[in-house]
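Take a look at the structure set out below.
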Amino acid sequence: MMMSSGSRRILPTMVVNGAWHRPLCKTSTFRVGRSCLPSSTPVSFSRLPVSKFSTRAKLRPPSGQIPTYVYLIAAVPTAGSVYVYFRYLEEVPLTHRKRWIATSSEWEAQLGDQEYRNLLQQFRKDILPPDHRASITVRRVGNRIFKAAQEFSKEHMKDGSSSSSSSSPCATRPTFTVVRSDMANAFVLPNNHVFVMTGLFQFARDEDDLAAVLGHEMAHNLARHVGEKVSGNAVMGVLVRLSLLWDPSGLFASIFLPTANLLRELPHSRIQELEADQIGMHLAAMACYDPQAAKRVFTRMKQQQQQGGKNSRQPPEFLSTHPSHDSRIHKMDDWLPGTKRIYGQFGRCEHVRDEMATARRIAAQRANQREPPRATYNPC
Ligand SMILES: [Zn+2]
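Dropping the structure here:
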């Protein structure tokens, strides 16, 4: 083995039962981190300067201590993770909640378009025609909310993602699809594809109520909640795969996944729902719809639940993706003063409400010419 002159200089001149012991001892102590000399071996340090012996001792990691290079190796992925975390950290408009989102708006739009086509195929037999009075009403209210969302985007979204930018959630005109169903539900896909189930009309009984529902759905899109969920799920997937490296049996993963769902996914989903309620009320007020309508809709849902009506069973809140009706109504009380101010600002909504009434009257006349008035809900 070759040794540098520096190494030679710091080797102790020891009397260890013969000179052959020196290089072997050096090699083995470096590798196993402990002395190879028997304790009974006579050793003389008489010609070794104390300072040099101390220098060599510093080069060897003491027994049980992690070598420095391990820290360096660990620092690289740690620094990378910290960089990626802060690089993709964003703020939700209006609520200012910090969240991590690694997907792009363009990718989310493609995902939404693809799922939209799938759902059109799935619901094709139950989709109401575009000239149906319910479709017309949903479209009329939805387009007003969309305009408000574009204004909101300009006011509240940083980094210049205005409604004209292709990366903005408000870049594409929305589609509104009404599906005949007993389910009281509405949902939105990325790229502004809104679906409304007719079962919802038992709770959303006028345009203000409908605006509350559509405002909530638009808000999900504005806040890019789907991208946030996909990003979080991707991280969870990576963590589960890494865990399989040291636990190939998958036992850790089988405990980790349901725990993470209960402690992270479900609470996070409930936060997003409340956030959509808050932004949705804001949008409805901006579009001159009564912001109190959201509370009315959820109060009806709560009453139906208390009466044990159809589809009224709900899991306990901590096991649910959605907050309880009580939680939502309570939060809405907090947001109402602010949204009422927007609604009543400068009396701007007075003439808009007149325009709405005129549009409703014209739509009803046209609908009556096309079809006989319905005995059940007439949203026009
Ligand atoms: Zn929602």
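Under the numbering used here, the first residue of the sequence shown is numbered 8, with each subsequent residue one higher. Just so you know, even glycine gets a beta-carbon here, dropped at the ideal spot from N, CA and C. Here the structure is a predicted model, which is why all the values come from computation and not from measurement.
Status (buried if at least 16 other CB within 10 Å, exposed otherwise) for residue i
i, result
"residue 214", "buried"
"residue 98", "exposed"
"residue 354", "exposed"
"residue 95", "exposed"
"residue 284", "buried"
"residue 195", "buried"
"residue 341", "exposed"
"residue 303", "buried"
"residue 1", "The structure shown has nothing for residue 1, since the chain only spans 8 to 387."
"residue 348", "exposed"
"residue 108", "buried"
"residue 221", "buried"
"residue 112", "buried"
"residue 193", "buried"
"residue 143", "buried"
Rounded C-alpha distance that separates residue i from residue j
i, j, result
"residue 190", "residue 84", "47 Å"
"residue 125", "residue 333", "34 Å"
"residue 210", "residue 290", "20 Å"
"residue 79", "residue 237", "32 Å"
"residue 351", "residue 343", "12 Å"
"residue 159", "residue 311", "33 Å"
"residue 33", "residue 81", "Unreliable placement is indicated for residue 33, whose pLDDT of 39 sits below 50; the coordinate value is still reported in the next sentence. Residue 33 and residue 81: Cα-Cα distance of roughly 28 Å."
"residue 272", "residue 331", "16 Å"
"residue 259", "residue 250", "7 Å"
"residue 120", "residue 76", "49 Å"
"residue 305", "residue 129", "28 Å"
"residue 123", "residue 91", "31 Å"
"residue 197", "residue 373", "32 Å"
"residue 368", "residue 265", "52 Å"
"residue 116", "residue 375", "37 Å"
"residue 261", "residue 287", "37 Å"
"residue 187", "residue 86", "52 Å"
"residue 73", "residue 323", "48 Å"
"residue 227", "residue 371", "31 Å"
"residue 300", "residue 140", "21 Å"
"residue 248", "residue 336", "40 Å"
"residue 101", "residue 377", "43 Å"
"residue 231", "residue 314", "35 Å"
"residue 320", "residue 216", "22 Å"
"residue 356", "residue 292", "9 Å"
"residue 281", "residue 229", "14 Å"
Residue i, DSSP secondary structure in three states
i, result
"residue 159", "helix"
"residue 104", "coil"
"residue 50", "Residue confidence is low: residue 50 scores 43 on pLDDT, short of 50, so the model does not pin down where it sits. Its coordinate-derived value is still stated next. Of the three classes helix, strand and coil, the one that applies to residue 50 here is coil, per DSSP."
"residue 193", "strand"
"residue 99", "coil"
"residue 204", "strand"
"residue 144", "helix"
"residue 182", "strand"
"residue 73", "coil"
Just checking, does the segment 125-138 make contact with the segment 246-260 on the three C-beta pairs under 8 Å criterion? no
Is the number of C-beta pairs between the segment 287-305 and the segment 147-159 that are closer than 8 Å three or more? yes
Taking 8 Å as the cut-off, does the segment 200-207 touch the segment 237-249 (at least 3 CB pairs, one atom from each stretch)? no
Collect the residues with a C-beta less than 6 Å away from any heavy atom of ligand 1 and give them in sequence order along the chain. 223, 227, 280, 283
Three Cβ pairs or more, each shorter than 8 Å: is that satisfied between the segment 264-282 and the segment 321-328? yes
How do the segment 180-198 and the segment 139-149 stand: do at least 3 beta-carbon pairs fall below 8 Å, yes or no? yes
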